[in-house]
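Student: Counted from 1, the sequence shown has number 147 at position 125 by this note's numbering; the numbering is strictly sequential.
Before I ask anything, let me first share the structure, which is written out below as C-alpha cells.
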Amino acid sequence: MLRGIHQVNVYASQSHVWEYIRDMNAWAPLVPGYKEHTILSDVQSTWKFTVQYGVVSKKVHVKVLVTEWKESSLVKFRLRGINQKFTGEGFFLAEKVNSSNTAMTGCLTIESTSSLAKILESTFAKMVHELTRELTEAVRETIERELT
C-alpha cells in the first residue's frame, strides 16, 4: 500500500477552506494530469487524468465515492480504478488554527493489484507522495487566490 500525506497552512478561515474542499467540482481540476470528471450523484463521480512516471504516461479512469462529509472539517473518499487495477482512499482535513488560518491535510493511499505496479513500487511510492503534495498545494493556492 502506498501513501502520500501533506499538510499546509492556509491563510483562510476554516469555513472558507471547508466550502472549497467539500465541493469536488472545485478541486477535481487541480489533480495533476486532470482531463475531466463527471458527477454521477452527491457521493459518486468518475475522473479521468494522465499520470506521468518517468517516460511512461498512463491514462487513468477512476470511480470516486465520498464516504464521509464531516461538516466544517473532513471529506473522505474511496477510489477504484476503472481501467487500471487499483483501489485507494483519501481525505482532506481542515483544522482551525485561528480565525484566519487553517491547517489543511491532504492524504492519498493507493493499493495496486497490477503485477507491473509491484515491480515499480518504489517509483509509484514517490508518484503518490508527489501527487498528494501537488494537489494539496494547488488547493491551498486556489483558496488563498480567491480571497485576494
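Just so it is clear, CB atoms sit at the ideal spot from N, CA and C, and this is done for glycine as well.
#1: Report the residue ranges of all beta strand (DSSP E) runs contained in full by the region 62-118; include only those spanning at least 3 residues, in chain order.
#2: Would residue 130 pass as a contact of residue 26 if the rule is Cβ separation under 8 Å?
#3: Would you list the residues sitting across from residue 58 in a DSSP beta bridge?
#4: Would you kindly work out how many angstroms separate the C-alpha atoms of residue 72 and residue 153, rounded to a whole number?
#5: Does the distance from the C-beta atom of residue 104 to that of residue 68 stay below 8 Å?
#6: Report yes if the C-beta distance between residue 49 and residue 161 is below 8 Å; otherwise report no.
#7: In terms of alpha-carbon separation, which member of 122, 29, 74 and 98 lies closest to residue 35?
#8: What is the residue span of the beta strand (DSSP E) that residue 125 lies within?
#9: According to DSSP, which residues form a beta bridge with residue 29?
#10: Do residue 24 and residue 150 have their CB atoms nearer than 8 Å?
#11: Am I right that residue 30 and residue 159 are in contact with their C-beta atoms under 8 Å? What's the rounded C-beta distance?
#12: Look at residue 135 and residue 108 and say whether their C-beta atoms are less than 8 Å apart.
#13: Check this for me: beta carbons of residue 95 and residue 116, under 8 Å apart or not?
#14: Whole-angstrom Cβ separation of residue 106 and residue 86, contact assumed at under 8 Å?
Tutor: Let me lay it out:
#1: Taking 3 residues as the minimum length, the beta strand (DSSP E) runs contained wholly in the region 62-118 are 66-75, 78-92 and 96-103, in order along the chain.
#2: For the purposes of this step, residue 130 is identified with residue 108 of the sequence shown, where counting begins at 1. For the purposes of this step, residue 26 is identified with residue 4 of the sequence shown, where counting begins at 1. Yes. Within cutoff.
#3: Along the sequence shown, read from residue 1 onward, the residue named residue 58 stands at position 36. Per DSSP, 70.
#4: Counted from its first residue, the sequence shown places residue 72 at position 50. Counted from its first residue, the sequence shown places residue 153 at position 131. Taking the straight line from one Cα to the other gives about 12 Å.
#5: If you number the sequence shown from 1, residue 104 lands on position 82. If you number the sequence shown from 1, residue 68 lands on position 46. Contact: yes.
#6: The residue given as residue 49 occupies position 27 in the sequence shown. The residue given as residue 161 occupies position 139 in the sequence shown. At a Cβ-Cβ threshold of 8 Å, residue 49 and residue 161 count as neighbours.
#7: Sequence index remark: in the sequence shown, residue 35 carries index 13 (1-based). Looking at the Cα atoms, 122 is the closest of the given residues.
#8: Working through the sequence shown from its first residue, we reach residue 125 at position 103. Here the beta strand (DSSP E) through residue 125 covers 123-134.
#9: Working through the sequence shown from its first residue, we reach residue 29 at position 7. Answer is 127, bridged to residue 29.
#10: Here residue 24 is taken as the residue at index 2 of the sequence shown, counted from 1. Here residue 150 is taken as the residue at index 128 of the sequence shown, counted from 1. Yes, the Cβ-Cβ distance between residue 24 and residue 150 is below 8 Å.
#11: Within the sequence shown, residue 30 is the residue found at index 8, counting from 1. Within the sequence shown, residue 159 is the residue found at index 137, counting from 1. 6 Å between Cβ atoms; contact.
#12: As a first step, residue 135 is located in the sequence shown; it is residue number 113 there, counting from the start. As a first step, residue 108 is located in the sequence shown; it is residue number 86 there, counting from the start. Yes, they are a contact pair.
#13: Counted from its first residue, the sequence shown places residue 95 at position 73. Counted from its first residue, the sequence shown places residue 116 at position 94. Taking 8 Å as the Cβ cut-off, residue 95 and residue 116 qualify as a contacting pair.
#14: What you label residue 106 is simply residue 84 of the sequence shown in a count that begins at 1. What you label residue 86 is simply residue 64 of the sequence shown in a count that begins at 1. The Cβ separation is near 14 Å, so there is no contact.
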